[in-house]
Every structure is written in C-alpha cells, then in structure tokens.
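Participant: Here the sequence shown is numbered in our numbering, starting from 228 and rising by one per residue. Just so you know, even glycine gets a beta-carbon here, dropped at the ideal spot from N, CA and C.
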Amino acid sequence: MSAHPPVLVWFRDDLRLADNLALTNAVRSGQPLLCVFVCEAGPACTTALDWWRTQSVQALAHALRARGGQLHVFAAQAEAFLPELVRNSGCTQVFWNRRYDPSGKATDTRLKARLRQMGVEVHSTPGNLLHEPWTVRNRAGQPFQVFGPVWRAASAAAHYPAPLPAPAGMEFAPCAAFAAMRVGVDLAVETLPGWAVAMQPHHVFGEQDAHARLHDFVAHALQTYAQDRDFPHRDATSELSPFLRTGQVTPAQIWHAVAAVDARSDGVKFLAEIGWREFAWSLLWEHPDLGTRNLKPEFDTMPWRVDPKGLARWKKGRTGYPLVDAGMRQLWRTGLMHNRVRMVVASFLVKHLLIDWREGERWFAHTLVDYDPASNPMNWQWNAGTGVESAPFFRIMNPVLQSQKFDPDGAYIRTWVPELAGLSGADIHTPWQASLLQPTGYPSPIVEHTVARVRALAAWKARRADATGAANP
Ligand SMILES: Cc1cc2nc3c(=O)[nH]c(=O)nc-3n(C[C@H](O)[C@H](O)[C@H](O)COP(=O)(O)OP(=O)(O)OC[C@H]3O[C@@H](n4cnc5c(N)ncnc54)[C@H](O)[C@@H]3O)c2cc1C
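1) Tell me, please, which residues DSSP counts as bridged to T352.
2) Using the C-alpha atoms, what's the distance from V495 back to D240?
3) Locate the alpha helix (DSSP H) running through V211, then write down its first and last residues.
4) Do D634 and L550 have their C-beta atoms within less than 9 Å of each other?
5) Determine the contact status of F405 and A307, defining contact as a CB-CB distance below 9 Å.
6) Where does the unbroken alpha helix (DSSP H) through W607 begin, and where does it stop?
7) G587 and L576 look like a contact to me (Cβ under 8 Å); what is the Cβ gap, rounded to whole Å?
8) Is it buried or exposed, E311, if we count other Cβ atoms within 10 angstroms and call 16 or more buried?
9) Pick out whichever of W531, L356 and P645 has its Cα sitting closest to the Cα of W687.
10) How should M555 be labelled, buried or exposed, when 16 other C-beta atoms within 10 angstroms of its C-beta is the threshold for buried?
11) Between the C-alpha atoms of D534 and N521, what's the straight-line distance to the nearest angstrom?
12) Please name the residue in H289, R337 and S465 whose C-alpha comes closest to that of G411.
13) Helix, strand or coil: which one does DSSP assign to R622?
14) What is the rounded straight-line gap between the Cα of V373 and the Cα of P658?
15) Tell me whether W378 counts as near ligand 1, meaning its Cβ is closer than 8 Å to at least one heavy atom of that ligand.
16) Can you tell which of Y452, F458, V234 and P515 has its C-alpha closest to the C-alpha of V349?
17) Please state whether the Cβ-Cβ distance between L498 and W508 is less than 9 Å.
18) Buried or exposed: where does N247 fall if 16 or more other Cβ atoms within 10 Å of its Cβ makes it buried?
19) Who does A302 pair with in a DSSP beta bridge?
20) Can you tell me which residues form a DSSP beta bridge with L235?
21) Please work out which residues of its chain come closer than 8 Å, Cβ to Cβ, to W472, disregarding the five sequence neighbours upstream and downstream, and give them in chain order.
22) Along the chain, which unbroken stretches of the beta strand (DSSP E) at least 3 residues long are found entirely within the region 330-398?
23) Between A403, R560, S382 and G295, which has its C-alpha nearest K542's C-alpha?
24) Comparing alpha-carbon positions, which option in H358, V347, P420 and K332 lies nearest W503?
25) Could you please give me the residues that DSSP links to R409 through a beta bridge?
26) In the structure shown, what three-state DSSP assignment does W590 receive?
27) Quick check on DSSP: helix, strand or coil for D654?
28) Would you mind reading off the limits of the alpha helix (DSSP H) that contains Q701?
29) Under 8 Å Cβ to Cβ from G652, same chain only, skipping five residues before and after it: list those, please.
30) On the DSSP letters alone, give me the boundaries of the alpha helix (DSSP H) that A446 sits inside.
31) Give me, in chain order, the residues of the same chain whose beta-carbon lies closer than 7 Å to that of L291; leave out the 5 immediate sequence neighbours on both sides.
32) Just to confirm the assignment, what range does the alpha helix (DSSP H) spanning D457 have?
33) Using a Cβ-Cβ cut-off of 7 Å (strictly less than) and excluding sequence neighbours within five positions of N625, which residues of its own chain qualify?
34) State the Cα-Cα distance for the pair V313 and T319, rounded to the nearest angstrom.
35) For A698, is the classification buried or exposed, using 16 other Cβ atoms within 10 angstroms of its Cβ as the cut-off for buried?
36) Following a CB-centred definition, is H565 positioned closer than 8 Å to any heavy atom of ligand 1?
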C-alpha cells in the first residue's frame, strides 16, 4: 500500500478513462486514487437519463475493476457529503472536470470554497466541450447570438490538442467509510423498473462501446451523412448523443477521429452538428433559464392552449399522424428519437396543438436518455420560434409531407406503429384516407392540418397584437 495520502477523483458527466484531464492529473500527482461517483438523485431511476447513467456508471466501475481499482458510488448530496468523505479518508487533493449547467456550476463553486477552507487543493479542469462557454465571444467581446459565426470562428481556430490516452499505472486507495451510503452498482442495475428493462436491448454502454460506435460511424456512414441524415430509417447518424451526455466520448475525440479520415463536406457537416451542441452550452451559460423563459419576450403573450388530453395523446403516440406517433413511441421504448422526427413532433405539439413548448421540453427531459439541459431547451426554442436564432413560428411543418419526404416507403412508421404495417407505402402517411380501411384501432387525426395551421397563425397574430398594442396587420 502507498505511504502517500490519497487524492479524490470525482466523476460526474465524464464517465471515462481516456481524454479525462482530471483523472490524468490525479494520476500524475503520484498519489493513490479514490475514485468516486455521487448519485445525487438517489439509487432509484426516475428518468430515462437516470437509467442510462446507472448503466454507464456500472460500465466505468467495471473498467476500473479491470485495472485493479474500484469506483466508490454513494447516494448523497455531494455538497454536504464530499467534505466529509475527504476528511474521513485523509485526501489532500480533489480533481474534477468542470460542468456548465447552472446548478452544477453553483454547487461546484461553493464546494471548491469549502474544500479550500479545509486546506484541500482543488483542481478543476475543462469539461465535455471543445470550448469553455465563456470563451466563445464575438469581436466586441459579446456572446454570439446566432450559430453560423460561432462555428466559423471555432472552425477557423480549430487546433484541438490530441486527446489524452487512458492513464497508465493507476494506483488505488482503499475506502471502507460511509458503508450505509454506498450504492452497489450491480444491484442498482438489477433492481430497475420495468420501463427501464424494456429499453435495455436498444443500447450498449460504456467507453469501449462508444468508441466502437464512433469508429464504425466514421468508417461506414460519415461519407453519406450529409445526404442521408434526415431519413430516420437509414441508420445514417452516429447515435453518439447519450455517450456525449455522460462523457464516454469527448468532442475532441470525435473531432480527431473525423479529421483523420475526412476533411470534405460530409465530415464538415457532421462536425457542425457537434458545433450546435457547443452553441447550446454557450446559450445556457448566457441564459441559465433557457429551459423556462422565452428568449424572444414577445412570445410571453402567446395564447397557448391548455389541453391535457391532447398533450397525453401526443406523449403516448396517438395523435393519428403516423410519423409523429412513430417518433413518440420510439422515444418511449428506446429513450431516443431521430433528429428529423424530433423536429416534426416538436412542431406538431407547439403549432398543431398550440401547447407551450415547455411542456414538450419537460417530457423530453423525462424520457430522453440523451437529455441535455442545453441542447434540449435550445432545440425546443428553435422549433417553437421563441429562441434567439430559430425557425419562424409561421413556418409550420406539415406532418404528412414530412412523412412522405423522409420516410417515403413507411419503413420507420412500420417499425414503431405496427398496427399500420399492413398499409401500402402511399396510404401509410394518411391512414384515414386508406383505400382499404382496416380495423387497426389506430386513431383518426387529433386535428386537421389546415384547421390547425389557421388556428396557430391566428394565435401568433393575436400575440403580436397583444405585445405591440397594435391592431393585427
Ligand atoms: C426538440 C429537440 C430536442 C432535442 N433534445 C436533445 C437533447 O436533449 N440532447 C441532445 O443531445 N440532443 C438533442 N437534440 C438534438 C438532436 O436531435 C440529437 O442530438 C440527435 O438526434 C442525436 O443523434 P445522433 O447522435 O445520431 O446525432 P448526429 O447527427 O450523429 O450528430 C452528432 C452529435 O451532434 C450533436 N447534435 C446533433 N444535432 C444537434 C442539435 N440539433 N442540437 C444540438 N446538438 C446536436 C449531438 O451531440 C449528436 O450526438 C434535440 C433536437 C430537437 C429537435
């Protein structure tokens, strides 16, 4: 056993060994490691992301075990618990990678001050982004309001250092304290609720799987990404979002994997999507209430409808519009939904049902395994027209045309709405007009498209009149 006191590595949204600066710096200290994860929500899984994280923590625990170590998992409030753990275990230094969400940031600031008061050295290092949010500024030193210039500036200056390998020679410290607060990671996975167990077959977990997926995508799908990415049945996107969320892969690793094989348009398009994720985090940094406040205040007077039945039908995938319902059912069954379909269902909720985008944001926060407190509200605001840069509200997606264009033979719909599987390629987008009506139990449309469109535009004009005090144009 080492004669040196231990150092604590606090894993959060960085459940990996490679390209983990906090872990690498802790190993470089030459002191034995106490690797810790604190489960603040408790061991129970309430959301899909809780479930994903439980699996991911278990994968990290296995990876550390394979190197002779242990991940100590505690159910506790980190702010109160970590100083106790540090004191009890005699740690002299604490290492973590930064997080940028408002409550994580506030907790870390207070905790850092508390630990330093105790005489403990705290080292926080850049987290799961290419650029720390406060560094993304225009020439006037102001935050960017729109994506294009941000990404042009970031791409022009893009010389990201090569990602770090997993550190070699890790030495671990034992820790038997706080037994009552420990969570057995294997046990937590074995006692999952039924909905979580049903999601299991749709996923793989852990850092190795994340990298296998990245390299498979770069080798086989990157070249056709730009042309195929909008077609939900083509398996054309990377499906890296849950791994990015909990840090099994980093944007820098993705950047280098793509740059190594492709500097042409498909790679550029794909990297620009990573750029949208960065932009979302810089928006959340500037607007901590991104998930609750319209960034365009003129939407504060929007006459949203209160429609619990409509909302429930949307959540359950029973709106009567096959592409919308396929997306909502894919979400419930797998915790994921294709990006194009996310846009269609978001537009449908906000414009066809005229329900406040925050209801949809909350449902996605509950059901997405890749739920991200920056990307989710940014995209909802973009689709609702309420964001700083967004699709105008009056651009209303037609769910039937979207279905015919992006799922032309209905393959995606057939997967998730099996009661429509017997319909022809043409009928599947409008089952209410099907030449051969079948008793499928599938509902009729909750609202007719043209009626919904007129209603949404009228509400939008009324909102403008309220906001300006002027008569409608
Ligand atoms: C209403 C709505 C809500 C969304 N909520 C989330 C969310 O909570 N978490 C989340 O990670 N993404 C969210 N997205 C963005 C996008 O749908 C997902 O990132 C994407 O579907 C993930 O699949 P992929 O990994 O195969 O993406 P790819 O097409 O392979 O893209 C690679 C990566 O780029 C990033 N990315 C791609 N598109 C976007 C985008 N529009 N905005 C921000 N980052 C993007 C993701 O990290 C993604 O993993 C949302 C989109 C919409 C329309």
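Facilitator: In terms of the structure at hand:
1) As a working mapping, residue 352 is identified with position 125 in the sequence shown. Its beta-bridge partners are N324.
2) Within the sequence shown, the letter at position 13 stands for residue 240. Within the sequence shown, the letter at position 268 stands for residue 495. Their Cα atoms are separated by approximately 26 Å.
3) Nothing can be reported for residue 211: it is not among the residues displayed for the chain, which extend from 228 to 700.
4) Here residue 634 refers to the residue found at position 407 when the sequence shown is read from its first residue. Here residue 550 refers to the residue found at position 323 when the sequence shown is read from its first residue. In this structure, L550 lies closer than 9 Å to D634 by Cβ.
5) The count along the sequence shown starts at 1 and reaches residue 405 at position 178. The count along the sequence shown starts at 1 and reaches residue 307 at position 80. No, the Cβ-Cβ distance between F405 and A307 is not below 9 Å.
6) Taking the first residue of the sequence shown as 1, we reach residue 607 at position 380. Here the alpha helix (DSSP H) through W607 covers S602 to A611.
7) Walking along the sequence shown from the start, residue 587 turns up at place 360. Walking along the sequence shown from the start, residue 576 turns up at place 349. That belief holds up - the Cβ atoms of G587 and L576 are roughly 5 Å apart, short of 8 Å.
8) Residue mapping note: residue 311 aligns to position 84 of the sequence shown, counting from 1. E311 comes out exposed.
9) The count along the sequence shown starts at 1 and reaches residue 687 at position 460. Check the Cα spacing between W687 and each of W531, L356 and P645: the tightest is with W531.
10) If you number the sequence shown from 1, residue 555 lands on position 328. With 16 or more other Cβ atoms within 10 Å, it is buried.
11) What you label residue 534 is simply residue 307 of the sequence shown in a count that begins at 1. What you label residue 521 is simply residue 294 of the sequence shown in a count that begins at 1. So the two alpha carbons sit approximately 20 Å from each other.
12) Numbered from 1 along the sequence shown, position 184 holds the residue referred to as residue 411. Nearest option by C-alpha distance: H289.
13) As a working mapping, residue 622 is identified with position 395 in the sequence shown. Note: R622 maps to coil in three-state DSSP.
14) Taking the first residue of the sequence shown as 1, we reach residue 373 at position 146. Taking the first residue of the sequence shown as 1, we reach residue 658 at position 431. The straight-line gap from Cα to Cα measures roughly 40 Å.
15) Within the sequence shown, residue 378 is the residue found at index 151, counting from 1. No, ligand 1 has no heavy atom inside 8 Å of this Cβ.
16) Residue 349 sits at position 122 when you count from the first residue of the sequence shown. When each option's Cα is compared against that of V349, the closest is V234.
17) For this step, residue 498 is matched to residue 271 along the sequence shown. For this step, residue 508 is matched to residue 281 along the sequence shown. Result no, Cβ atoms of L498 and W508 do not sit closer than 9 Å.
18) Here residue 247 corresponds to residue number 20 of the sequence shown, with the count starting at 1. Buried, because 16 or more other Cβ atoms sit within 10 Å of the Cβ of N247.
19) Mapped onto the sequence shown, residue 302 falls at position 75. According to DSSP, A302 bridges with C266.
20) Locating residue 235 in the sequence shown gives position 8, where the first residue counts as 1. DSSP output for L235 lists L261 and V321 as bridge partner(s).
21) Along the sequence shown, one-based indexing puts residue 472 at 245. Note that residue 472 is Arg in the sequence shown, not Trp. Here the set comprises D240, L276, W279, V596, D597, Y598 and D599.
22) 348-352
23) Your numbering for residue 542 matches position 315 in the sequence shown. Per the Cα distances, R560.
24) Counting from one through the sequence shown, the residue named residue 503 turns up at place 276. Cα-wise, what sits closest to W503 is H358.
25) Indexing the sequence shown from 1 puts residue 409 at position 182. BP columns for R409 point to F301.
26) The residue labelled residue 590 in the question sits at position 363 within the sequence shown. In this structure, W590 counts as helix in the three-state DSSP scheme.
27) For the purposes of this step, residue 654 is identified with residue 427 of the sequence shown, where counting begins at 1. If DSSP states are grouped into helix, strand and coil, D654 belongs with the helices.
28) Given a span of 228 to 700 for the chain in the structure shown, any question on residue 701 remains unanswerable.
29) Taking the first residue of the sequence shown as position 1, residue 652 is located at position 425. P635, D636 and G637, listed in sequence order.
30) Along the sequence shown, read from residue 1 onward, the residue named residue 446 stands at position 219. It spans G433 to H447 - the alpha helix (DSSP H) in which A446 sits, taken as one unbroken run.
31) Against the sequence shown, residue 291 aligns to sequence position 64. Excluding sequence neighbours, L291 sits near C262, Q297 and L298.
32) On the sequence shown, position 230 is the one that residue 457 refers to. No alpha helix (DSSP H) contains D457, which DSSP labels as neither H nor E.
33) Walking along the sequence shown from the start, residue 625 turns up at place 398. Answer for N625: H676, listed in chain order.
34) Stepping through the sequence shown from its first residue, residue 313 is reached at position 86. Stepping through the sequence shown from its first residue, residue 319 is reached at position 92. Going from the Cα of V313 to the Cα of T319 covers about 8 Å.
35) In the sequence shown, counting from the first residue as 1, residue 698 sits at position 471. With a pLDDT of 40 at A698, under the threshold of 50, the predicted position of this residue should be treated as unreliable, and no value is reported.
36) Taking the first residue of the sequence shown as position 1, residue 565 is located at position 338. True, at least one ligand heavy atom lies under 8 Å from that Cβ.
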